[in-house]
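Just so you know, the protein sequences line up as chains A and B, in that order. Each residue of the first sequence is one higher than the one before, counting from 1 in my numbering. Each residue of the second sequence is one higher than the one before, counting from 111 in my numbering. Below you'll find the structure, written out as structure tokens, and then a few comments.
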Amino acid sequence: MADLKGWKELAIGGVIDKPSTAKEYQTGTWRVIRPVYKPENCINCMFCWLYCPDQAVEIEVVDGKPKMKGFNYYYCKGCGLCANVCPKSNDKLPEEKRAIVMKPETEFQD
Amino acid sequence: MPEVKNRQAVTGAQAIANAMRQINPDVVAAYPITPQTPVVEYFAQYVADGAVDTEMIPVESEHSAMSAVVGAAAAGARAMTATAANGLALMHEIVYIAASSRLPIVMPVANRALSGPINIHCDHSDAMAERDSGWIQLWAENAQEAYDLTLIAVRLGEHEDVRLPVMVNFDGFIISHGVEVVDFLDDEVVKKFVGEPKVKYPLLDVNNPVTYGPLDLYDYYFEHKRQQIEAMKHVKRVFKEIAEEFEKISGRKYDILDKYKVDDAEYIMIALGSTAGTVKYTVDLLREQGHKVGLVKPWIFRPFPKKELQELLNGRKAVIVLDRSASFGAEAPVYEAVKSALYEVSDRPKLGSYVYGLGGRDIKVDHIKQAFEEAFSGNINTDEERYLGLRE
């Protein structure tokens with residue numbers, strides 16, 4: 001958040017004077033729990049990609065098929081919807097078998 | 111002095127409606143409320159007669175009127191409305207939004223008592239309730255000033271260094287419905303004076319898309335408020351520049367303060383609006399008796415003319431402040447501001463606070479004399495609010 005503008009630099013009246021500035025908003029700072037991706041357990045069903053409210057699930061296309069790449073933590077708010085809809089992640093499965101594991105942010109240094 | 115070609119006997123409401131006709135705003139949205147009603151009524155006639163190009167929006171409430179002009183001004187239109195009392199109170203939410211969105215809307219307000227109990231007559235409680243809304247407040251003494259200040263308001267609000275909405279206050283009934291002689295400027299002269307609307311971030315400029323009214327949380331709201339504080343600091347300088355230009359076309363001089371016989375005055379009264387006229391008359395009477403008295407009438411109440419009053423009032427024997435509204439549980443609004451301004455002066459005058467005229471109660475020469483005489487005899491108290499024309 002160090003790049004916030006001072007009052008002399010801002011457009012007046014709360015006007016946003018250029019389009020698409022929402023892209024610059026680092027909603028990842030809101031996150032208190034983090035989805036951690038375990039590719040070895042993922043079946044690439046794309047549910048997480050479809051449901052993510054912040055388009056924070058990154059994918060790539062390999063041999064004409066979509067493949068989950070991981071999370072964009074700049075935008076991910078940690079809502080946990082991805083883990084909730086993931087068929088390979090639920091409370092009954094042990095953690096090591098889940099494709100998405102929700103972990104407290106406090107466990108990470110960055 | 112320019113030649114007067116168009117002198118008419120009109121009500122203040124007619125004078126303002128005529129100013130609006132000459133300004134020819136792009137959009138007017140208004141809802142009728144006594145005593146503002148004739149302003150809108152006369153203006154609607156101009157619209158019906160094709161005398162203006164204005165898009166007039168008859169709305170279902172004042173909240174909608176202010177919302178509509180906010181939208182119009184954001185689109186890039188020169189937008190106006192007018193209201194009074196409870197209408198202004200109903201606008202309250204959007205009044206703040208107009209100012210914080212930095213939209214130079216001009217709104218004449220026919221000052222009237224806020225309910226309740228319900229009362230339709232002159233009182234300043236309506237405007238005073240909006241004094242911290244971020245609007246510039248101009249105050250007229252009579253129909254002529256209401257006309258002139260409405261024209262000046264357009265230029266003032268739209269100025270690049272200001273970009274704020276302007277409220278032109280004129281006393282309900284006393285000015286709005288009283289007939290006076292008014293010197294109107296020629297249509298062409300007004301057209302040239304107000305010029306084309308000076309727009310900033312117009313929504314209709316589709317090549318440069320902007321967003322109005324986005325969520326503004328703890329990361330930026332404070333900075334936007336600071337910008338509003340800064341804009342207000344520019345108002346007095348810009349007002350003086352425009353007033354100077356206005357004097358050239360009208361011969362009528364405006365300033366931050368209207369000073370009447372203050373040069374050698376030992377006792378100065380401060381009043382807003384039409385009562386200043388009665389005070390001027392009383393000042394003349396008292397001067398005939400040898401009293402060194404004068405009057406100061408702020409033409410601008412927001413921003414508050416702190417520096418100007420400090421310079422003017424420092425060293426006087428006494429200053430008497432008249433308020434046409436009360437602040438329940440605190441000092442009356444004009445008095446409170448004057449008293450606060452004088453905290454820093456080297457030679458503080460004695461101060462007296464007088465509330466008068468609530469709900470349209472007449473203020474008479476004898477009341478004004480009474481306040482002056484209490485000051486002459488040293489019988490005023492900085493911490494005591496007194497009342498003129500009130501039955502005990």
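Backbone N, C-alpha and C define an ideal beta-carbon position, used for all residues, glycine too.
Task: DSSP state of N491 of chain B mapped onto helix, strand, coil - done: coil
Task: Which of helix, strand or coil DSSP assigns to L498 of chain B - done: strand
Open item on the list: Going residue by residue through the stretch 276 to 354 of chain B, where are the continuous beta strand (DSSP E) segments of at least 3 residues, counting only ones entirely within it?
Closed with: 276 to 281, 289 to 294
Open item on the list: Quick check on S384 of chain B: does DSSP put it in helix, strand or coil?
Closed with: coil
Task: Pick from B:Y311, B:Y328, B:W409 that is closest to K363 of chain B, judged by C-alpha positions - done: B:W409
TODO: Can you check DSSP and say which residues form a bridge with E58 of chain A?
DONE: A:G70
TODO: Consult DSSP for M46 of chain A and reduce its assignment to one of helix, strand or coil.
DONE: coil
Task: DSSP three-state assignment for K369 of chain B, whether helix, strand or coil - done: strand
Task: Start-to-end residues for the beta strand (DSSP E) that takes in R412 of chain B - done: 410 to 412
Task: For D433 of chain B: DSSP bridge partner residues - done: B:V465
- [ ] Check P415 of chain B in the structure and name its three-state DSSP category.
- [x] coil
- [ ] With distances taken Cα to Cα, identify the nearest neighbour of K350 of chain B among B:L266, B:E170, B:A185, B:S463.
- [x] B:L266
Task: Pairwise C-alpha distance: D281 of chain B and E421 of chain B - done: 28 Å
Task: Q157 of chain A, buried or exposed, once every other Cβ within 10 Å from all chains shown has been counted against 16 - done: Residue 157 of chain A is absent from the structure shown; chain A starts at 1 and stops at 110.
TODO: Give me the Cα-Cα distance between K346 of chain B and D365 of chain B, rounded to the nearest whole angstrom.
DONE: 9 Å
Open item on the list: With DSSP as the reference, identify every bridge partner of Q247 of chain B, one or two as the case may be.
Closed with: B:M277, B:R412
Task: For D236 of chain B and S194 of chain B, believed in contact at Cβ under 8 Å, the rounded distance - done: As written in the sequence, residue 194 of chain B is Ala, which differs from the Ser given in the question. Sure, about 6 Å apart at Cβ, within 8 Å.
Task: T260 of chain B vs I359 of chain B beta-carbon contact at 9 Å - done: no
Task: Buried versus exposed, by CB contacts within 10 Å (16 or more), P35 of chain A - done: buried
Task: Straight-line gap, K416 of chain B to K103 of chain A (C-alpha atoms, nearest Å) - done: 58 Å
Task: Neighbour flag for I16 of chain A against chain B, beta carbons, 9 Å - done: yes
TODO: Report yes or no: do the stretch 295 to 307 of chain B and the stretch 480 to 492 of chain B share at least 3 C-beta pairs separated by less than 8 Å?
DONE: no
TODO: Give the single residue among B:V216, B:G361, B:E298 whose Cα lies nearest to the Cα of A187 of chain B.
DONE: B:V216
Task: Other residues of its chain near A175 of chain B: CB distance less than 6 Å, five sequence neighbours each side excluded - done: A139, A140, Y141, V169, T191
Open item on the list: Starting from R117 of chain B, trace the beta strand (DSSP E) in both directions and tell me its first and last residue.
Closed with: 116 to 121
TODO: Would you be able to state if there are at least three C-beta pairs under 8 Å between the stretch 85 to 98 of chain A and the stretch 248 to 262 of chain B?
DONE: no
TODO: Closer than 7 Å by beta-carbon distance: list the chain A residues that pair up with R212 of chain B, in chain order.
DONE: I12, G13
Open item on the list: Taking 8 Å as the limit between beta carbons, can you name the residues of its chain near E105 of chain A, skipping five residues before and five after?
Closed with: R31, V32, I33, R34, G78
Task: Reference L224 of chain B; option with closest CA among B:E268, B:R496, B:A239, B:L213 - done: B:A239
Task: 9 Å Cβ cutoff, G80 of chain A in contact with chain B - done: no
Task: Pair within 9 Å by beta-carbon distance, P357 of chain B and G122 of chain B - done: As written in the sequence, residue 357 of chain B is Glu, which differs from the Pro given in the question. Contact: no.
- [ ] Answer with yes or no whether the minimum CB distance from I133 of chain B to chain A is below 9 Å.
- [x] no
Task: is_contact[G28 of chain A, chain B] using C-beta, thresh 9 Å - done: no
Open item on the list: With a threshold of 6 Å on Cβ separation, who are the neighbours of A99 of chain A within its own chain once the five nearest residues in sequence on each side are excluded?
Closed with: K38, N41, C42, C86, K88, S89
TODO: Out of B:D433, B:A250, B:S463, B:A184, point me to the one whose CA is closest to V309 of chain B's CA.
DONE: B:A184
Task: Nearest to L382 of chain B (by Cα), restricted to the options B:W249, B:D233, B:I204 - done: B:W249
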